Amino acid sequence: MDDLEPIRFDTKIAVLLHEDLEPWQALNVTAFLISGIASADPELIGEPYEDADGQTYLPLIRQPVVVLSGDSERLTTTHGKLLARGMAIAVYTRDMFATGNDRDNRAAVRKVATADLDLVGIAVRGARNAVDKSFKGAALHR
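One gets our numbering by counting positions in the sequence shown from 1 and adding 2 to each.
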């Protein structure tokens, strides 16, 4: 394989954020959601980086992440489509902004029924076609 040949991915990573989030919230939610995606598959993490002086840096996710936005209805609809397809999803609910640790975050999600989750962010990595169909109608985040 030629090292200059374009790299194609048969999977896609997508994040859908609620359109009403403050910029700091959108960045925070995205970071949390992507940590869930990265933890689900160790092969998703690339090799460490190194600059021309030999200084090394931590490895990053191997493939691009598309970040989209939508309203509550779009988040609920997309969440339902992902669940119906049996896809593993990372979620962030509005209640999690009031917590300060993983234990309380998990408790905030656990106390609410699936249909009643106040979603402000979801993320998934899956087959490109399934991700595209699930996120259809969501706009690129600005």
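From the three backbone atoms N, C-alpha and C, an ideal C-beta is built for every residue, glycine too.
Just so you know, these numbers come straight off a predicted model, no measurement behind them.
- Judged by beta-carbon spacing, Leu19 lies beyond the 8 Å limit of Val93, meaning their Cβ atoms are not closer than that value.
- Note on geometry: alpha-carbon atoms of Arg127 and Pro50 lie some 22 Å from one another.
- DSSP places Val114 outside both helix and strand once states are collapsed to three, so it counts as coil.
- In the DSSP assignment, Arg127 falls within the beta strand (DSSP E) that extends over 121-129.
- The DSSP-derived three-state label of Lys135 is helix.
- Judged by DSSP in its simplified three-state form, Glu45 adopts helix.
- Looking at the DSSP output, Ile63 bridges to Ile47.
- One alpha carbon belongs to Ala100, the other to Ala117, and they sit about 21 Å apart.
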